[in-house]
Each structure stands twice: as C-alpha cells, then as structure tokens.
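Engineer: When we follow the working numbering, the leftmost residue of the sequence shown carries the number 10, and every step to the right adds one.
Ideal Cβ placement from N, Cα and C applies to all residues, glycine included.
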Amino acid sequence: MDLGGLVQLLQVSADESRGINSKQAEEQLKQLEQVPGFHYNLQTIYLNTNYPLQVRWLAIICFKNGVDQYWRPTRKFAISKQEKDSIKSRLFELLEVNGNQLTIQNAQAISRIVRYDFPHEWPNLFEQLEGLLNSTNYVYLHNILVILNQIIKTVGSIKVGRARATMQAKVPILTPHLIKLYEQFFQSWSRDFNLASVEVGYLSLKCIRRIIDVVSEFHDRDDDVKHFFNLSLRHLRLLLNERDRQEISIVERYIKCYTKIYLSVLNNNPTSFILLDGASDILITMLSILENKADLIYNSREDSDETSFWEQLAINSLLMLKKLVNFVYRKGALTLKKQHDKAEVEKAIRVLTTKFFTESLVANLIDLIIKNYLRLRPEDLELWSEDPEQWANDELTNSWEYQIRPCAENFFRDLVTHFQETRNFVLVRINEFDPSPNSNLSEVLTKDALLSAFQLSSASLANDVNFDNLLTSVFIPLVEQNQPILVRRILLIISEWISINCSKQSRQLVYKLLLSLLQSSQDRIVRITAVQTLRYAIDDYDFDRTDFQPYAEHVIAHLIGLVSEMTLTESKLNVMNVLSILLEQCNSIIPRDSLFDVLSLVTKVWGNSETILKAAFLRLLKNVCACLKSDVTETYSITLPLIETCCSESSEKYTVLSEDGYELWLEVLRSIPEPIPSRLVDTFSLIVPALLNSTEILPTILSIIRSYILLDPTLFEHDTGLQIFKIMGQYLPNMRDDALNIFMSILDIFFLQLQRTHNQLESSLLTTQFMESGLLESLLTFALNTDEAVITSNKVLIPLSRFLYIGPHLLKEMINHISRHQNTQIFDQLYSLMLKRIDYLGDPRNRKSFLLALLSPYLTIEMDSDFEFLISNFAPLMAEVTKQFEEINETPSGDCQVYHRSYSYEGLEFLPQDRNELLRVNKLLELDPIHCLPLKEQVSKVLNHLKQVLGDRFDEVVKTLDPSSLDQLKRL
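1) Anyone know if the C-beta pair for His-48 and Phe-72 falls short of 8 Å?
2) Where does Ser-408 land, buried or exposed, given buried means 16+ other C-beta within 10 angstroms?
3) Applying the 10 Å Cβ sphere with the 16-neighbour rule, what's the burial state of Asn-308?
4) Measuring straight from C-alpha to C-alpha, what distance separates Phe-876 and Thr-704?
5) Let me know if Gln-9 comes out buried or exposed under the rule of 16 or more other beta-carbons within 10 Å of its beta-carbon.
6) Could you check which residue in Pro-45, Gly-816, Lys-39 and Leu-15 has the C-alpha nearest to that of Tyr-60?
7) Can you give me the start and stop residues for the alpha helix (DSSP H) that Pro-559 sits inside?
8) Looking only at C-alpha atoms, which of Val-958, Leu-944, Ile-547 and Ala-118 sits nearest to Leu-978?
9) Can at least three beta-carbon pairs, one atom from the region 596-614 and one from the region 432-450, be found at a separation below 8 Å?
10) Identify whether Met-744 lies in helix, strand or coil by the three-state DSSP scheme.
11) Where does Gly-341 land, buried or exposed, given buried means 16+ other C-beta within 10 angstroms?
12) For the region 357-400, which segments carrying the alpha helix (DSSP H) assignment without a break, of at least 4 residues, lie completely within its bounds, in sequence order?
13) Whose CA, out of Val-180, Asn-277 and Ser-197, lies closest to the CA of Asp-233?
14) Which residues bound the alpha helix (DSSP H) around Cys-266?
15) Pop quiz: Tyr-908 and Pro-853 are said to be a contact at Cβ under 8 Å. What is the actual Cβ separation, rounded to whole angstroms?
16) Check this for me: beta carbons of Arg-171 and Val-164, under 8 Å apart or not?
17) Considering just the uninterrupted stretch of the alpha helix (DSSP H) at His-48, what are its terminal residues?
18) Between the alpha carbons of Phe-336 and Glu-355, how many angstroms are there, rounded?
19) What number of angstroms, rounded off, separates the C-alpha of Ser-973 from the C-alpha of Glu-896?
20) Taking DSSP as the reference, what is the three-state secondary structure of Gly-341?
21) Short check: CB of Ile-499 to CB of Leu-518, under 8 Å?
22) Which of helix, strand or coil does DSSP assign to Gln-412?
23) What separation, rounded to the nearest whole angstrom, lies between the Cα atoms of Ser-603 and Glu-505?
24) Just to confirm before moving on: does the CB-CB distance between Glu-889 and Ile-827 stay below 8 Å?
25) Answer yes or no: do Asp-231 and Ser-273 have a C-beta to C-beta separation smaller than 8 Å?
26) Excluding the 5 residues preceding and the 5 following Trp-615 in the sequence, name in chain order all residues of the same chain whose CB lies nearer than 7 Å to its CB.
27) Count Cβ pairs between the region 552-560 and the region 587-596 that sit closer than 8 Å; are there 3 or more?
28) Going by C-alpha distance, which of Ser-657, Glu-388 and Val-633 is nearest Trp-647?
29) Tell me the rounded alpha-carbon separation between Ile-502 and Leu-460.
30) How is the alpha helix (DSSP H) around Trp-66 delimited, first residue to last?
31) Select from Gly-783, Leu-724, Ser-712 and Thr-723 the residue whose C-alpha is nearest the C-alpha of Leu-741.
32) For Gly-13, does the three-state DSSP call read helix, strand or coil?
33) Of the choices Arg-533, Asp-548 and His-563, whose alpha-carbon is the least far from that of Leu-577?
34) Could you work out which residue in Lys-97, Asp-728, Leu-707 and Cys-636 is closest to Asp-747 when comparing CA atoms only?
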C-alpha cells in the first residue's frame, strides 16, 4: 500500500465515532504489519508534521508495537535488515519539534530497538547519543533526554547477555555531559525560573539517577559522580529552603529525585555511599527533615499534598537510616566482590560508628521517634471514631515502606536490636511507668507511644524483663481503666510477648482478659485487636488446650457474634480465620453445642455471603467436621450439598471454591464411620474432573482417592475407577514428591485390600482395572527407568513388591499381557532390580516387604522357564534374608517394634489416633504380612518346597550359599 493509502487507513482508524469503517481499517492495518516497508512508512508518517496529530499519534503507536512483534530476526514476517537500517537512520530526526506525548512514544519505540540491537547491531549507540547532547536548543535537548532516559531504563533491566555490561562500559562518556547540562540548567531556572530550563534540568537529573542506579557501582571512586553528589547536596538544601517558602511542584520533583538517588545508592552499595565526601552532610540534612517537619507530619492528613510530600521525605530518611544501621551490624552478610573491598567495608563501618551513630545522636533519634512518630496521629483517632473496622484492617495490612508510623516502628525495631542505649532507654521508662489513670488525651497518647516502644522491643528485652510481673502490676491495671487506646496497646504487647516469655499462670490471666475484651460492650477496635491477640495465644508452640478449655465455649460464642456484627468483608475474614485456628488447635475440647453454633452461623449467612467469605466458611466447616469426628454424620445436610456444589464442574463457583471444597470433602471422608453414605458414593465420579483440572492441589485429590479406597475399594471396579487409574498412571512420570508419596500409599492400600480377597485375586475386577488402565505399565516403566533417582524408583518398587508377594503368577501374566509375550525378560528385570535395591532401603519395614515379595515365587516354583533364573538368584536372596535375621529380632507373630517406628502414610501422620480414617488404616495393617508373618517361617516354607521340587539337586543349590547364610539357615 502507498503512503497516501496508509494515511487514509490511520485516519479512519483514529475516528472517534468507532464505527464499522474504523474496525475494518484496524483489521487492514493488522494485515499490513507483515508487508515489507510497512513500519518504515509508519515512521515516515510520524516524522511528517504536516499530517494531523491524531494520525501521527496512531502511526507511532503502531510503529512501537510493530517493533515489539517483528524486530527480532527470528520472528515470522520479521522486518528486513534493509528496512531496519533505514528506520534506524531516522530515529533521531524531528528532535527539534515540541510534542511531549509523541516524543515519549517515540522514545519507547527507540528503547525497544536498542533492547534488540545493542550492542551487536548498534555498537556506536552511546557515541551517537554523546554527539546529540551537544545541542543548545531546549526542545532538542528535552527530546533527546527523554529518549536517553528510556534507553538506560530498558537496557538496565536486561539481566542476561552483554547489553547491560556494555552499557556500563560506555555510559561514562555521557556522565560529564549530563552533569554539565544539569548544572547549567539548574542555575538558569533557579535564577530566572525559565520553565524550559526547569524541564531540561530535571530530565538531566533523571538520566543521572538512572545511570547511578543501574550503571555506576563505586561512586566514591568516580570524580564526576562525586562532583554530582556535592552539587546535589547544595541544591537539595537550597530547594528545601525554597519549598518552605512556597509550594512548587517542580521543586518537589527535584527533591524527591535527590532522595531517590541517595536511597538507591545505599541499597545497591552502602560502602560507596558512606565513603563519599559529603555523605555525612547528606544524612544530617535528611535527619533535619525528620526533626524539623515532625509536627507538620504528625498533624497531617492523607489527602493533603503538602504533608504527603514531607511524609514521603521522612519515610525516605528512615529507610536510609535503617539501611545504615543494618550495614553496621550485619556486615557478615555483605558480598565482597574484590579483595580490597573488605578494607573499604571496615573503613565505612568505622566512619558510621565513630562519626555518625554517636551516643548523643542515637539518644536524640530514640526520643524523636517515640515522641513524634510512634504516637497515634489526630487522623488515626478520627478514623478510629468514624470507621473503626477499616482503620483496624489498615493497621493489620499496611506496608511499612509506604507509611510513616509503620516505617518508624520498623526502624525502631532495628535500633533497639542493635543499640544497647535504646534497650536501656526502654527499660528505664518501662520500670518507671506510671499506670495511674489519665484524663488528658495527650498524656494517653504519650503513654501509648512509650508502650509501643516496649512492644517493638519485645524480642530484644526478652532476657531483661519479667513479663509476668509487668502483666499483673502494670498491664492488667491499665486494661481495667478501660481506656481503649491503651487497652489496644496492651493487647498488642501481649501478642508479642506470649510466645517469648509468658508463664502458664500468665497465660490463664491472658485468656481471662481476652474473654472480657471480646464482649460486645467493648470498643470495636479493642475487640478486633483482641481477636488477633487470641490468634497469637492459641497458634503458639506452648499453647495447652486443656488450660484454655474453661474459656473455649464463651470465646467461640463471642467470635460468632463478632462475625455477625462486622460489616466489612476483610473484618469477617479475620475473625473467621481465628475461629478456624481455634477449632483446629482445640478440636478435642470444643463443646458439641459450640460446634453446632458454628454450623448454624454458616447455614444462616452462606446464601448472602461474598465468594471470598464462602471460601472461609468452607475452611471453618472443615475444622468443625474434624472436631465432630464420627458425629460428622449430623452435618450431612450442610456439608454434602456444599461438596457437590463446590466440586462440580458445572457449578458457577467451581473455579473459586473448588479448592476449599476438596479440603472439606477430604475431611468428611476422614471423619465418617462406615458404611459410606450413598450421597458420597454419588460424588465419587467428581474425582475424575478434579484430577484433570486441579493438578496444582494434586496431593489433596489423591488423598480423597485414598480415603475412598479405604472406605470401599469396590467403587474402583467401575468406569470411574478405570479413569482414575488411567489418569494417575499418566501423571506418574511428572509427579512431585508429596503427590508421589500419597500415590504410593494409595497403591499400598490397594494391594492390602486385594490381599483380603487372595483366593479370588485372578478374577478380581480391581486387578483387571489395574492392568487395563495402563497403571501397571506406567509403574513398571517408571521403576525400570535407569534415569530415575534410586530413592524415587524405590518408592514405586515398594507397592510393586506388595503385588509380587500376593500374586507372583498373576503379575507375570499381566506383564505378559501388556508386554506382548516378553514377560520373562521384564519380570526378570523387575525381580533383579528389587533384589539389588534391598541394600538401598534404610527402613527395615520396606526391606521385609521386598524380601517377602522376592521369596514368594519360590513357594510355587516348578521346573519351567523361570526355574533357572530363580535358582541363580537364590544365593544372593538368602544373603539378604539372613542379614535381616541378624538385624531384626521379630516376635513369634512376625512383628517388631522397628516396623512401627515413625511409620505413617503421607498426610496421615498428624491425625488424632481416634480419627476414623486412621482407625481404618490400622485395621487394614493388622492383616499386613509385615506385621503378622514371621520371615523365618516364610523362609522355612521356601526351603521345604525347594527340597520337594529339587530333590537331590537341593544340596547342590544349598552349597552355593555363603557360610554365614548357610549357618543361619541350618538353625531353622
């Protein structure tokens, strides 16, 4: 298409009416992307100022997007080298024309070309840019600086390849020019406030920031950078004074850029920053902002631009100080890139400890932070009164890097951790603390700030404070004054200390305190904070549920009431999460009536709840079912319909609720007594889509399958069972360890269930499903794959050893069926591998499983094709058997304590002993030959059978055994 036709297409596409013609034009433009010369023509249109602005705008956007799609030579319909060269030759044209938005789009397009071409196809890029920076035209310089900023930003983000390293080598040729431009235009606009000078100066500063951020590393060794830092400090102080006189946005932009530079250097290379000549002056300047603007920031509002600016500077100041404190006291964590770096690090630490973090400065910092930055602000108190739920939620979720009080709290933690002076200050203040009532709000806030300092010092003061005494002498009397601000703070202190240093008796006092503060008559924020403190109290290693038992019923009642009272979704979620933890931690002591109160709550509010709340309700129900154990049958009217709703593909909430639905389903299956109800039999078919759609939670789905096979293995005799076996076989090669362990436990249970019907093994539908699904073939392929790790391969061999034990002939026949009459070879490989791998098994239980399996074929040995193979393996097998005799002393029934040691199926190890699923497993294991068949008895049977089959040859075979094995066998 010619240029005129392309312009016309762009005009139609840019039509604001967005009619049919516009859509057709867009489709044509899409097709033209693949036509040679298209992108060159787009650039031509953009560069021609005679065309309408809207057409040029659309042309440069299409050009930019086309670069992304077609610039790489490996792409289909890639732009040719000739067209690329033509485009690159005109990239820096039209720089003298004003048009900021178009320039930005062009800069982004150029930066993307640089990303692909630099340095291989465009080695002289930065030399070219250096020449362009010599102009004196304001507009020209503005545009080239916009482009340069984008280039440095884009190349600096590249992590792989030579581009970033090459830029680091090339950029120093630009640094003097940029600093010169910055200095020149700063002087110009600060003298006569020329707006064009302001923008060019600011863009120069941004480019310098980019260079320092992504290119420079050792700033204290670069004369140009050192000169710039001295300049920046002078200009920062000048602009801070100017900003005090009047609010000017460009001044704020400059100041913010300076602080970003300082913070960036500190984050990337603190040593380099500290060793700069003006580093101390920069830090003192930032400290002065913290001190001089403290009152302004304290009385600020979020919606005020004036205070928002100073608050951001104060946050940056705290972040810089935090970085320096951690640099001094965590020097061991630094990465030293060169040998002489260590000396520089040590010098930097000396500078900080002797010249900056002096005792007086640290004391002033502590005082400043406690008095001004840890206090609740007027805006906090206003929100407390007007919207307590939202304020409480914000306090729980705020990011400390973006708000002044959380940032100050975080920095104070570092101070108290690393400076003894801070700990001493807090200790003295807390020992002198006066718990008498205060009617003055200012005094209350001062007390709250001091208590906040104590809260933040908890970990550091653990060995210096008797919390039990403080609880009874200071904190509980304060709570009794019923001043909500201080009550909230006491709760936060308890949250910190309960896991650090809190006696059993003090925990009882805390439970009693929490029970009183959860009552509906208490302040809303106090109740919300009490809920969070409860979470820390019960979700703790030292939590003893029996101590909590007297309070459980009433606490649950208050939590249920609080869920109903809350108006915000986030608030409801927080309370329900704590209620779930409480049920999980206290499952055996929760009163039955309380559990049914929770069920009643779910029933009442489910229909009108948001999806995210429904997910929390499902988690709550799961824990209720765990608490009810066998009485879970009484929840069927609620739980079973929800399982069907949440776990069915056709449900509109399937994508958001299925994961929690599966967890509930699993818990119900684990808790129910036998027999399985018909409704849960009907849900069995939902496992197939679950396996296909929810591989990210495959362990949960496999656990559901395991529960079903424990409850009723006959369910797997039908089509659903066939599909489940087929899918599991397909997943086997790529399973993670957690899923693989559960899968192997399913097979272990499967073969133990088959063992119950040993006489009907060959006619069992389960064995047919096992073979027809391809699962056996998958297991054999995986186990015999020499590329698999031994430990992983052994996991698959363990359930196969079960099959070999209960039906060696059936296993051979099935191998024969799936391997097209090569059964002898594959069976022999499997047998030999098991024999070889016994030495790799550390668990005596698994070794016995292998030995029983390997002995099993000898019990039915005949003079057939397998005869010589088995006889040839008899000696090494007996060596392993007698080794087991020496190491394991079995009881007459065949059991041994080591067979039970730390043994549990994956996912069941933490279940209470009275959970029905665990009872079913234990009942099944009662028939496990590992526990009820003496290995010596089995060996005796093998020897007797061999003697009958071999006759005179028996003595010849026995002579092949090593003396130790022979001696052991003679004792049988």
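Structural biologist: Considering the structure as presented:
1) The residue labelled residue 48 in the question sits at position 39 within the sequence shown. The residue labelled residue 72 in the question sits at position 63 within the sequence shown. Yes; because the gap between Cβ atoms is below 8 Å, this pair is in contact.
2) Counting from 1 along the sequence shown, the entry for residue 408 is found at position 399. When all chains shown are included, Ser-408 counts as exposed.
3) Indexing the sequence shown from 1 puts residue 308 at position 299. So Asn-308 counts as exposed.
4) Along the sequence shown, one-based indexing puts residue 876 at 867. Along the sequence shown, one-based indexing puts residue 704 at 695. Cα to Cα, the separation comes out at about 45 Å.
5) Only positions 10 to 981 of the chain appear in this structure, which leaves residue 9 out of reach.
6) Indexing the sequence shown from 1 puts residue 60 at position 51. Nearest option by C-alpha distance: Leu-15.
7) By one-based count along the sequence shown, residue 559 stands at place 550. 554-574 is the span of the alpha helix (DSSP H), which, as asked, contains Pro-559.
8) Here residue 978 refers to the residue found at position 969 when the sequence shown is read from its first residue. The shortest C-alpha separation from Leu-978 is found at Leu-944.
9) Not touching, per the Cβ criterion.
10) Residue mapping note: residue 744 aligns to position 735 of the sequence shown, counting from 1. Of the three classes helix, strand and coil, the one that applies to Met-744 here is coil, per DSSP.
11) Position 332 of the sequence shown holds residue 341. Only weak support is given to the placement of Gly-341: the predicted model assigns it a pLDDT of 49, under 50, and the question is left unresolved by the model.
12) Runs found: 368-377 and 387-395.
13) Position 224 of the sequence shown holds residue 233. Asp-233 has its Cα closest to that of Val-180, out of Val-180, Asn-277 and Ser-197.
14) Within the sequence shown, residue 266 is the residue found at index 257, counting from 1. It spans 258-277 - the alpha helix (DSSP H) in which Cys-266 sits, taken as one unbroken run.
15) Residue 908 sits at position 899 when you count from the first residue of the sequence shown. Residue 853 sits at position 844 when you count from the first residue of the sequence shown. Between Tyr-908 and Pro-853, the beta carbon gap of about 6 Å places them in contact (Cβ cut-off 8 Å).
16) The residue given as residue 171 occupies position 162 in the sequence shown. The residue given as residue 164 occupies position 155 in the sequence shown. Between Arg-171 and Val-164, the CB-CB gap reaches or exceeds 8 Å.
17) Translated into positions along the sequence shown, residue 48 becomes position 39. Run containing His-48: 47-56, per the alpha helix (DSSP H) assignment.
18) On the sequence shown, position 327 is the one that residue 336 refers to. On the sequence shown, position 346 is the one that residue 355 refers to. Straight-line measurement puts the Cα of Glu-355 at about 11 Å from the Cα of Phe-336.
19) Counted from its first residue, the sequence shown places residue 973 at position 964. Counted from its first residue, the sequence shown places residue 896 at position 887. Taking the straight line from one Cα to the other gives about 14 Å.
20) For this step, residue 341 is matched to residue 332 along the sequence shown. A caution first: Gly-341 carries a pLDDT of 49, below 50, which makes its placement in the model unreliable, though a value can still be read off. Helix.
21) For the purposes of this step, residue 499 is taken as residue 490 along the sequence shown, with counting starting at 1. For the purposes of this step, residue 518 is taken as residue 509 along the sequence shown, with counting starting at 1. No, the Cβ-Cβ distance between Ile-499 and Leu-518 is not below 8 Å.
22) As a working mapping, residue 412 is identified with position 403 in the sequence shown. Correct three-state label for Gln-412: coil.
23) Along the sequence shown, one-based indexing puts residue 603 at 594. Along the sequence shown, one-based indexing puts residue 505 at 496. The straight-line gap separating the alpha-carbon atoms of Ser-603 and Glu-505 is approximately 29 Å.
24) Numbered from its first residue, the sequence shown carries residue 889 at position 880. Numbered from its first residue, the sequence shown carries residue 827 at position 818. Going by C-beta atoms, Glu-889 is not nearer than 8 Å to Ile-827.
25) For the purposes of this step, residue 231 is taken as residue 222 along the sequence shown, with counting starting at 1. For the purposes of this step, residue 273 is taken as residue 264 along the sequence shown, with counting starting at 1. At least 8 Å separates the beta-carbon of Asp-231 from that of Ser-273.
26) Walking along the sequence shown from the start, residue 615 turns up at place 606. So the list reads Lys-623 and Phe-626, once near-sequence residues are dropped.
27) Yes, since at least three Cβ pairs between the region 552-560 and the region 587-596 fall closer than 8 Å, the two stretches touch.
28) In the sequence shown, counting from the first residue as 1, residue 647 sits at position 638. In the sequence as presented, Trp is not what sits at residue 647; that position holds Ile. Restricting attention to Ser-657, Glu-388 and Val-633, the CA atom closest to the CA of Ile-647 is found in Val-633.
29) Here residue 502 is taken as the residue at index 493 of the sequence shown, counted from 1. Here residue 460 is taken as the residue at index 451 of the sequence shown, counted from 1. Approximately 8 Å between the Cα atoms of the pair.
30) Indexing the sequence shown from 1 puts residue 66 at position 57. Note, Trp-66: alpha helix (DSSP H), 62-79.
31) Within the sequence shown, numbered from 1, the residue matching residue 741 stands at position 732. The candidate whose alpha carbon is nearest that of Leu-741 is Gly-783.
32) Residue mapping note: residue 13 aligns to position 4 of the sequence shown, counting from 1. Residue state for Gly-13 is assigned as helix, using DSSP reduced to three classes.
33) Residue mapping note: residue 577 aligns to position 568 of the sequence shown, counting from 1. That would be Arg-533, whose Cα lies nearest to the Cα of Leu-577.
34) Translated into positions along the sequence shown, residue 747 becomes position 738. Put simply, of Lys-97, Asp-728, Leu-707 and Cys-636 the residue whose alpha carbon is nearest the alpha carbon of Asp-747 is Leu-707.
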